[in-house]
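Peer 1: Residue numbers (the numbering used here), protein chains in the order written: chain D, 4 to 520; chain S, 135 to 504; chain R, 2 to 348.
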């Protein structure tokens, strides 16, 4: 292995780490070895167990079994505080800041510099924060509160935390998912600087080009287990992908040809200040339309506005030529729309409610007799839909929270198919579900389109968009920057449109511009 | 749109509707435990408290807890949505004062005065509902404010005065018995001359009607499912087409209306409208609802449990009072019951956590934490 | 996408101070308070100028002041303590009992015992909330009943009268030091101590972090359980001290002692800008809120409004305060969104 070759003993050694949550085995045998002065990529599909592994390292979870050595000593962190004190800093997918406190306090919470009498030395703290920000090349007012920061800036704060901790090991869990290319490049520069200081960095990303551009070693995981470790110089994208997937990519996305019919959804000039601008799109019967772009580009916000969960300032939404009133999911459902949202635990399902109630939730108004809604009616509707999607549960009154992510997603989809929609908007249909279920979902979407349903699919997985969609709209910073037919939609074309707004380079931080000005 | 087989499933799976047999689903619930506890306490009281057995004791018991029983119904629905209404007793007091003023100063008949008070009570509740549902303010803060506001208006209108002059016909109605005359005084029952001793006040009739209406609303309508969904996950409820703001507005307005009705009853029952009528009743109502197994975080609880909770508090207080236990001790008992009832839930979770931890050490791969 | 990046050096410390002050809730409530006092004084000069007026103006709020400080510490952690009113009653009775049963006991010892006793009651709340993982609203509603029941049962039919307590203790209720009543002075000292701790000590800032996002605080590794426990103990200790004050100020302890104070304490905090869901607000604001509540109570009769309306005014103020907070935060959100738009359109 690369670390062994460099002659330094590894900083982090994980072997055969296992972790399960109830019946769900999230991690079977995780293995990771990271040496000092190295940027080590950890890759794998969603549900491969990367995030669980990270949380074991961070002390959020205690492993059920396996070895965990840090800086040569056996460790067993029972809390995040312990791992932090040992010199591990973790940046989670979703930054965890205290919104009411200043960015400086967020960096130093619990470790503030003090003067005599254990009094917090605010001037020193602000100065230190400014010094760190300066080193990171960003201009953030150290006194502003964290509430309202963009995700990119929140990540900078998280990195500043790590630096102020003087961490030996920095773990970044998909830090670039929501960043523009410029912001990501800024992050890489910082990561390289940290590496050159002799620290170890673990970098998790779905974007292999980033992995190959930044890292020196890569560990691949699949289905909760370690697959292999390669030096970047000695491997190729193809090899890593095949390690990740365990089979050919092509058979993952079985989009069948379907007859494309009339326009079902027509969105025109949709605008919500600060979220998205002048969105125009159409979806036809039998068509799968992809909505591609970076996380945070405004795709989910568009979907929510179209469906009426959020309001919008201008524009119109039509279903089969009939205007749909804004701000009313109920009216949208009646018009034949369905939205399977991105976050099934928070939005798609009521996780602490039974499968039967979840599946019937969007149509229960139609299930009443004399105004009364009985559990029997809910079960009657839920059973066939759960069956069609092969939801794995022992009984319909089991809470959705007892099920695996893939099965929860099936319940969420069943809930919306039960409304018998004309248009299905589906946001990140396969996020966080296992490979098997993933292809089931793809097959299902293809099947639905084949039967004449219009499908609008939001996905951050390029392969998924390219494999499934008949047509792709690319969103960048709240605007549609490209509309590509199936033939034109190449990875390059989509990524280019996703990071550029009409020729102008997106995300050029105004901090930089102001500094120059 | 086709609803035939989707995906590649040829043989559809079939599912049992329930994972547990019926008796299990009925018996292994918090509500059932409350009802059993209620029965045990009732049996203990009738066996051991000398004067508790008589019909008169039950009659006064129901007469006393009638306002709590009424208000606990809408309060249950509100708490299940994850909100809270601290202003109910103030609305009740305001309605009491208004009935007095409308009747004594404006010369309205009792029914007319009651209708006006009911309308204003509904408006009070709607004010809370608009602020919570549409403006999006935290209900705890809003209703602490309206608790003071409504009580302040009631106090401001009457000062320390009391209006005590009501037609006997109406004050008697509030104390009327089902199927029989009040022992001693007034006789010639409202519902005809029945001679057997009766133990139930007439006010139970509207309470039973309300309880059935609220029970059906909560447990057997689409609206009721929405209430639970809001409490469990407001965002998901919104995505499913539940009109969250309107639901909350409705519930608060209903709570205002029921509180106002309780205020009218209270005025007639005691023949007195005062600014401080029913002060602190909100806490008893909330204590009863929580004791009945409704989660303060919303989404969990059922009406039968709440009714059992109210009755339990009522019987315990009444029996202890008849045993010459001071009302202070009764308050302590209520407080302890309340704390125990919430602690028991997390205690159970903790114990089952311990058990899991033990099995985990036996089978290292089968843990179940968090 | 970096929004609203203010260059750190673009504002001098003084500019920042002035700007912050203009926006601060504390100043706004203080201005209302001063205006109220001014109006009352114009109507009836004795309100401020007379020696009794001045004293009453300062000493009457001291009990609520202590409770508001304690309540703020708890609310900041996204909890609430409804039992403080009962704690006041119970402690006040304990104080009276001590003087009756142990004649000659030093006043300072009694005050300390009162605080310790209150702290113990707060500890009970804290243990139930922090270890039992039970919502504070429910727990403290329960202990409110329990503490009050214990108080009334213990007191039985006897009440503590002025004659039961040493005159030196009762004088505390009226005594002044440099024209400032002693009770007020003690309450202000507590205010400064707690205000200092919340602002300048690590654990104080951690209370804010916990209330701002409890899940993040756990993830971050903050000692959440211990801090929440501590907040309840502080709140209880201050309520205990308020009980001592109550005995000294009113000279009698009857069954109604401390009733309704819990809601007034929450109200004072909310009016003073403490967010009911934690994470922001200061004890300074809560203290001014407490002064405002008590002063309104005393000013209304001077303005010709029967003081029965006081609670209505207070209720209106609370609702107005939370509504105002909401409006302001919506406006800030809109500004942030606008700023993001501006940034995107490539300034």
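All C-beta atoms in this analysis are idealised placements derived from N, C-alpha and C, irrespective of residue type, glycine included. This one's a predicted model, so the numbers in the text were calculated from it and none came from an experiment.
Between residue 446/D and the ligand GDP, is the CB less than 7 Å from at least one heavy atom?
Peer 2: For the ligand GDP, the structure offers nothing, since it holds no ligand at all.
Peer 1: List the DSSP bridge partners of residue 287/D.
Peer 2: BP columns for residue 287/D point to 266/D.
Peer 1: Is there a C-beta anywhere in chain R that falls below 8 Å from the one on residue 179/D?
Peer 2: Answer no: the Cβ-Cβ gap between residue 179/D and chain R never drops below 8 Å.
Peer 1: Does any CB atom of chain D fall closer than 8 Å to the CB of residue 166/S?
Peer 2: So no, residue 166/S is outside the interface.
Peer 1: Which parts of the stretch 59 to 90 of chain R are runs of the alpha helix (DSSP H), unbroken and 4 residues or longer, counting only runs that do not cross its ends?
Peer 2: Runs of the alpha helix (DSSP H) inside the stretch 59 to 90 of chain R: 63 to 77.
Peer 1: If you run the structure through DSSP and keep just helix, strand and coil, what is residue 289/S?
Peer 2: Of the three classes helix, strand and coil, the one that applies to residue 289/S here is helix, per DSSP.
Peer 1: Taking only the alpha-carbon atoms, compute the straight-line gap between residue 394/S and residue 415/S and give it to the nearest angstrom.
Peer 2: One C-alpha to the other measures close to 13 Å.
Peer 1: Give me the Cα-Cα distance between residue 295/R and residue 61/R, rounded to the nearest whole angstrom.
Peer 2: Using only the alpha carbons, I get a separation of about 7 Å.
Peer 1: Going by beta carbon distance, what residues of the same chain come within less than 6 Å of residue 507/D, once the five residues before and after it are set aside?
Peer 2: With a pLDDT of 41 at residue 507/D, under the threshold of 50, the modelled position of this residue cannot be trusted; read the value that follows with caution. Closer than 6 Å at the Cβ level, and outside the excluded window around residue 507/D, lies no residue.
Peer 1: For residue 506/D, decide whether its Cβ has a neighbour in chain R, counting only Cβ atoms nearer than 8 Å.
Peer 2: Caution is warranted here: a pLDDT of 44 is assigned to residue 506/D, below 50, making its placement in the model unreliable, and no coordinate value can be reported.
Peer 1: Do residue 280/S and residue 224/S have their CB atoms nearer than 8 Å?
Peer 2: The answer is yes: Cβ separation under 8 Å.
Peer 1: Going along chain R, which residues have a C-beta under 8 Å from residue 115/D?
Peer 2: By Cβ distance, chain R contributes 203 and 206.
Peer 1: Given this structure, state the Cα-to-Cα distance separating residue 383/S from residue 329/R, to the nearest angstrom.
Peer 2: Taking the straight line joining both Cα atoms gives about 23 Å.
Peer 1: How about residue 329/D: is its C-beta nearer than 8 Å to some C-beta of chain A?
Peer 2: Of the protein chains in this structure, namely D, S and R, none is chain A.
Peer 1: Along the stretch 235 to 255 of chain S, where does the CB come closer than 9 Å to a CB of chain R? Name the residues.
Peer 2: The residues in question: there are none.
Peer 1: Name, please, each residue of chain D whose Cβ falls closer than 9 Å to the Cβ of residue 372/S.
Peer 2: Residues of chain D passing the Cβ test: 312, 332 and 350.
Peer 1: Kindly say whether residue 152/S, judged by its beta-carbon, lies nearer than 8 Å to any beta-carbon of chain D.
Peer 2: For residue 152/S, the answer is yes, since a Cβ of chain D falls inside 8 Å of its Cβ.
Peer 1: To which residues of the same chain is residue 72/D closer than 6 Å at the C-beta, ignoring the five residues directly before and after it?
Peer 2: Same-chain partners within the cutoff: 16.
Peer 1: Look at the alpha carbon of residue 493/D and the alpha carbon of residue 387/S, and state the distance between them as a whole number of angstroms.
Peer 2: If I take the Cα positions, the gap works out to 57 Å.
Peer 1: Since residue 83/D meets chain R, which of its residues come closer than 8 Å, beta carbon to beta carbon?
Peer 2: Correct list: 219, 220, 221 and 222.
Peer 1: Could you give the first and the last residue of the continuous beta strand (DSSP E) run that contains residue 330/D?
Peer 2: Neither: residue 330/D is in no beta strand (DSSP E) and is coded neither H nor E.
Peer 1: Quick one: what's residue 476/D bridged to in DSSP?
Peer 2: Beta-bridge pairing links residue 476/D to 294/D and 486/D.
Peer 1: Residue 391/S to residue 228/S, Cα distance in whole Å?
Peer 2: Spanning the two alpha carbons is a distance of roughly 12 Å.
Peer 1: Checking contacts by CB at 8 Å: is residue 108/D closer than that to chain R?
Peer 2: Output row for residue 108/D: interface = yes.
Peer 1: In the stretch 202 to 277 of chain R, which residue ranges form an unbroken alpha helix (DSSP H) of at least 4 residues, counting only runs that do not cross its ends?
Peer 2: 203 to 213, 215 to 221, 225 to 251 and 262 to 272, all fully within the stretch 202 to 277 of chain R.
Peer 1: Extract the residue ranges of the alpha helix (DSSP H) inside the stretch 418 to 483 of chain S, only unbroken runs of 4 or more that lie entirely within it.
Peer 2: As far as the stretch 418 to 483 of chain S is concerned, its whole alpha helix (DSSP H) runs of at least 4 residues are 437 to 456.
Peer 1: Taking C-beta to C-beta, are residue 281/D and residue 272/D nearer than 8 Å?
Peer 2: Yes. Within cutoff.
Peer 1: Please report how far the alpha carbon of residue 141/R lies from the alpha carbon of residue 62/D, in whole angstroms.
Peer 2: Roughly 33 Å separates the two Cα atoms.
Peer 1: Report yes or no: do the stretch 266 to 281 of chain R and the stretch 165 to 185 of chain R share at least 3 C-beta pairs separated by less than 8 Å?
Peer 2: Contact between the stretch 266 to 281 of chain R and the stretch 165 to 185 of chain R is absent, because fewer than three Cβ pairs lie under 8 Å.
Peer 1: Just how far apart, CA to CA, sit residue 75/D and residue 218/D?
Peer 2: Computed Cα separation, rounded: 23 Å.
Peer 1: Can you confirm whether residue 156/R, when its beta carbon is compared against all beta carbons of chain D, has any partner nearer than 8 Å?
Peer 2: Cβ-Cβ to chain D under 8 Å: no for residue 156/R.
Peer 1: Determine the DSSP secondary structure at residue 201/S, reduced to helix, strand or coil.
Peer 2: Correct three-state label for residue 201/S: helix.
Peer 1: Near residue 216/D, what residues of its chain come up, given a Cβ to Cβ distance below 8 Å and the 5 sequence neighbours on each side ignored?
Peer 2: Same-chain partners within the cutoff: 191.
Peer 1: Are the CB atoms of residue 461/S and residue 425/S within a distance shorter than 8 Å?
Peer 2: No, these two residues do not count as a Cβ contact at 8 Å.
Peer 1: Let's test the definition: count the other Cβ atoms within 10 Å of the Cβ of residue 237/D and tell me whether it reaches 16, buried, or not, exposed.
Peer 2: The residue in question, residue 237/D, is exposed, as its Cβ has fewer than 16 Cβ neighbours within 10 Å.
Peer 1: Buried or exposed for residue 115/D, please, with buried defined as at least 16 other CB atoms from any protein chain shown within 10 angstroms of its CB.
Peer 2: Residue 115/D should be labelled buried.
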